[in-house]
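Colleague: Mind having a look at this structure? Questions to follow.
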Amino acid sequence: MIQKKEIEDFLNKIPPIPENLKKCLNELNSGNLKGAADVAKNDLALSSHLRNIINKPIFGLRTEIKDVNQIFSTLGLGYINQIIRAYMMKLIIPKNWEFFKMSQSLFEELQIELMKEWNKLLTSLKIEDKEIIASIAILPASIIVCEEIFKSRKSDFLIIRETSDIDYNTILKRMTNMDIFDVCNLIADKWNLSENTKEIISLSSGKIDTNTQSKYLTVAKYMHLLLFYELSQSKFIKANLNDFIDFNPEFVSDIFENFQKVVVS
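Rendered as structure tokens:
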């Protein structure tokens with residue numbers, strides 16, 4: 593029903609990163625916050641987005657911040673990287689959703705919720721690695737890709753869902769030999785994101801060998817659980833996203849209690 597080529601065709605249509613955004617990311621990758629801020633100031637859409645995001649309750653600021661330099665210095669490398677990667681989703685987000693009952697505003701809510709809880713978890717773990725902080729931002733891209741390739745076959749997928757208890761990620765894997773985490777990494781390749789980011793995303797699938805050794809394994813467990821937790825919220829259940837992934841409780845058993853304390857309590 594779905595061919596791997598369809599995913600590749602969609603990915604080939606993803607526009608390159610705009611020049612200003614690329615310059616900003618290059619400055620961030622070199623650790624130059626001021627240089628990145630100077631570039632962002634010349635991009636009206638990006639600077640407006642940054643002002644909008646940082647003044648949301650997610651960051652708990654007491655006073656509104658409008659100055660771009662102050663935004664960059666307040667957030668630091670990791671969190672600015674995270675927000676800019678989330679902003680990059682605007683390059684591929686559909687104007688109208690047909691398969692999932694989503695909207696641009698609801699998609700942004702999902703991004704913000706994931707970032708907010710991810711940041712709380714990393715703070716509790718005393719993790720300040722900028723790549724780990726930013727890695728969560730690429731995850732929602734897979735929802736956009738699935739929307740694009742599923743929407744023309746909506747009735748077929750509804751029949752599959754009615755006749756079998758199978759999630760969309762498993763359907764995708766069986767038909768294309770790629771899951772949503774593979775798709776995320778293809779987008780990461782397209783946007784020249786790091787191998788470390790791709791490793792975290794791959795591990796977060798929860799479908800790994802028990803003997804897997806990686807310094808990112810623990811954070812990948814938190815990412816797997818967090819994605820499932822967020823997609824299980826009522827507003828995303830209504831959007832049909834709770835059937836998006838196959839949750840692996842065994843994969844997260846050793847971090848579940850701390851997750852509960854930090855996110856749920």
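Going by the numbering used here, the sequence shown opens with residue 593, and the numbers climb by one from there.
In this text, a Cβ means the ideal position worked out from N, Cα and C, and glycines have one as well.
1. Quick check on D748: buried or exposed, where buried means 16 or more other Cβ atoms within 10 Å of its Cβ?
2. Relative to the C-alpha of L613, which candidate in I676, F651, H641 and K782 has its C-alpha closest?
3. According to DSSP, simplified to helix, strand and coil, what is A729?
4. Three or more beta-carbon pairs under 8 Å between the stretch 809-821 and the stretch 721-731, yes or no?
5. Which residues mark the beginning and the end of the alpha helix (DSSP H) in which R753 is found?
6. Is S806 helix, strand or coil when you go by DSSP?
7. Taking the CB atoms as reference points, tell me whether S639 and V660 lie closer together than 7 Å.
8. How should E656 be labelled, buried or exposed, when 16 other C-beta atoms within 10 angstroms of its C-beta is the threshold for buried?
9. Measuring only the C-alpha atoms, how far is A866 from Q703?
10. Pairs of beta-carbons, one from the stretch 765-773 and one from the stretch 681-701, closer than 8 Å: are there three or more?
11. Straight-line CA distance for A632 to N803?
12. Whether or not the stretch 784-804 and the stretch 643-657 are in contact is what I'm after, with contact meaning three or more pairs of Cβ atoms, one per stretch, closer than 8 Å; do they touch?
13. May I have a chain-ordered list of the alpha helix (DSSP H) segments no shorter than 4 residues that lie completely inside the stretch 779-835?
14. Please state the DSSP three-state secondary structure of K605.
15. Does the contact criterion of 3 or more C-beta pairs under 8 Å hold for the stretch 641-649 versus the stretch 687-697?
16. Confirm, please, whether the CB-CB distance from A628 to Q674 is below 7 Å.
17. To the nearest angstrom, how far is the alpha carbon of N688 from that of S756?
18. Say whether the stretch 740-747 touches the stretch 710-726, bearing in mind that this needs 3 or more beta-carbon pairs closer than 8 Å, one atom from each stretch.
Modeller: This is what the structure gives:
1. exposed
2. I676
3. helix
4. Here the stretch 809-821 makes contact with the stretch 721-731; the two share three or more CB pairs at distances below 8 Å.
5. K746 to T755
6. In the three-state reduction of the DSSP assignment, S806 falls in the coil class.
7. yes
8. exposed
9. The structure shown has nothing for residue 866, since the chain only spans 593 to 857.
10. The stretch 765-773 is not in contact with the stretch 681-701.
11. 43 Å
12. no
13. 787-795, 809-823 and 826-829
14. helix
15. no
16. no
17. Answer to the nearest angstrom: the Cα atoms are 28 Å apart.
18. no
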